[in-house]
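In my numbering, the protein residues as written are 367 to 768. In this text, a Cβ means the ideal position worked out from N, Cα and C, and glycines have one as well. Accompanying notes for the structure given below.
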Ligand SMILES: *Cc1c(COP(=O)(O)O)cnc(C)c1O
Ligand SMILES: [Zn+2]
């Protein structure tokens, strides 16, 4: 049983590479400010004593807490009584046949309690807020981070204050309201929402659940990669495809596989294919342009990845480069087609931002950019019921009013 402070030996700034002890920093590097996102460095020697394949095989907690030893929490913290993580990984015969590939898997993370991968981060945020005796948590969100925080804050008895774009899909807004958050619908989109939530962190001392800024949250999200590995019997896939907005999930996929390699449990990291909407592709552009970031004007129906200023772009670019992967973009048309194809071929109903990774898969498979005998995991990050309007666009030609 380790404590959070025993497991983490330092935080490292992704920009200036300076390392900090745990009590030296709160969220970001003091010199690099907003760009000084921190990476959590672990003491793997200590963790080795608590975490192994053999121990996992005996662990009957089928949720993300089975990876507690690799998470920035005290091992003895009592988890919430709600299922987070350990979402299904399906091998898809129909996709393998359709594209002539050997091993295609779908990871359905829409099966989390608030129906997106964001629950993996919010669960950690709320635990850490409790550890730090905070009574209010805030975040800005395109929708899913907020709804997920809303759920965990309410079951933990904490208040949550959430800033979302005023045009967030209605089902996401409904989730925020049913879980009892204070919600601000912000004119001016996610960028303005981000600034407002940061103001609350700085002025009122609210706990900060903005995923890039709070270094612990990528650690929660990495459990999706730990699960992929375990569900594949630690035979690491050749590719993992995932969509990117701020770039946190992309970073977290790398981190999960990195941890397993650092612990000598596996010996490889999959190539990460990080997917953006062609109408909002700031990270891909920065990747092509020597890391220089330019804001974009979001123009896509994939609301969860419509991020004008991606906050975790440096970590995401490092993740993709270190994995030997690449960035890809897909159009809204390709996304809508992918939603339909994913639903009909696999039964998994994805929201547009999640279907973006499926769209990239299809494109790359057809172009033979994924080798026939490669294994590939397509990450479905959020459920389609979160954005019913987009889903309806894909089937109106077979709707008859009588
Ligand atoms: C947040 C989100 C993403 C993008 O995650 P980032 O960490 O911002 O890159 C992708 N898909 C869905 C459904 C999301 O909610
Ligand atoms: Zn720095």
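Residue i, buried or exposed, once every other Cβ within 10 Å from all chains shown has been counted against 16
i, result
"residue 642", "buried"
"residue 612", "buried"
"residue 513", "buried"
"residue 561", "exposed"
"residue 389", "exposed"
"residue 679", "buried"
"residue 633", "exposed"
"residue 713", "exposed"
"residue 766", "exposed"
"residue 574", "buried"
"residue 311", "Any answer about residue 311 is impossible in this case: the structure gives the chain only from 367 up to 768."
"residue 660", "exposed"
"residue 710", "exposed"
"residue 501", "exposed"
Residue i versus the options, residue with shortest Cα-Cα distance
i, options, result
"residue 372", "395, 379, 406", "406"
"residue 431", "419, 444, 420", "444"
"residue 437", "646, 689, 621, 730", "621"
"residue 717", "678, 638, 759, 732", "759"
"residue 380", "390, 397, 370", "397"
"residue 428", "403, 478, 731", "478"
"residue 745", "754, 708, 755, 733", "708"
"residue 572", "563, 579, 466", "563"
"residue 547", "558, 583, 505, 460", "505"
"residue 395", "632, 578, 416", "578"
"residue 533", "524, 554, 541, 516", "554"
"residue 610", "693, 568, 602", "693"
"residue 367", "377, 449, 435, 597", "435"
"residue 495", "614, 520, 475", "520"
"residue 450", "529, 558, 483", "483"
"residue 552", "375, 682, 530, 596", "530"
"residue 357", "619, 503, 598, 595", "A question about residue 357 goes unanswered here, because the residues of the chain that appear run from 367 up to 768."
"residue 647", "755, 606, 628, 698", "698"
Distance cut-off 7 Å: residue i Cβ against heavy atoms of ligand 2
i, result
"residue 402", "yes"
"residue 384", "yes"
"residue 640", "no"
"residue 381", "yes"
"residue 708", "no"
"residue 395", "yes"
"residue 662", "no"
"residue 505", "no"
"residue 398", "yes"
beta-carbon residue i near ligand 1 non-hydrogen atom, thresh 7 Å
i, result
"residue 363", "Beyond the ends of the chain as shown, which are 367 and 768, falls residue 363; an answer cannot be given."
"residue 574", "no"
"residue 534", "no"
"residue 483", "yes"
"residue 720", "yes"
"residue 671", "yes"
"residue 614", "yes"
"residue 577", "yes"
"residue 478", "no"
"residue 511", "yes"
"residue 795", "Given a span of 367 to 768 for the chain in the structure shown, any question on residue 795 remains unanswerable."
"residue 717", "yes"
"residue 595", "no"
"residue 609", "yes"
"residue 748", "yes"
Reduced DSSP category for residue i - H, G, I as helix; E, B as strand; rest coil
i, result
"residue 716", "strand"
"residue 614", "helix"
"residue 468", "coil"
"residue 704", "helix"
"residue 402", "coil"
"residue 504", "strand"
"residue 765", "coil"
"residue 492", "helix"
"residue 710", "helix"
"residue 498", "coil"
"residue 633", "coil"
"residue 599", "coil"
"residue 392", "coil"
"residue 511", "helix"
"residue 417", "coil"
"residue 412", "helix"
"residue 407", "strand"
"residue 481", "coil"
"residue 378", "strand"
Which runs of the alpha helix (DSSP H) fall wholly inside the stretch 640-700 and span at least 4 residues, in chain order? 648-654, 679-689
Please give the ranges of any beta strand (DSSP E) in the stretch 514-591, keeping only runs that are unbroken, at least 3 residues long and fully inside the region. 525-531, 548-552
4 or more residues per run - each alpha helix (DSSP H) lying fully within the stretch 419-477: 419-424, 459-465
Would you list, in sequence order, the uninterrupted beta strand (DSSP E) runs of no fewer than 3 residues that lie entirely inside the stretch 723-764? 741-746
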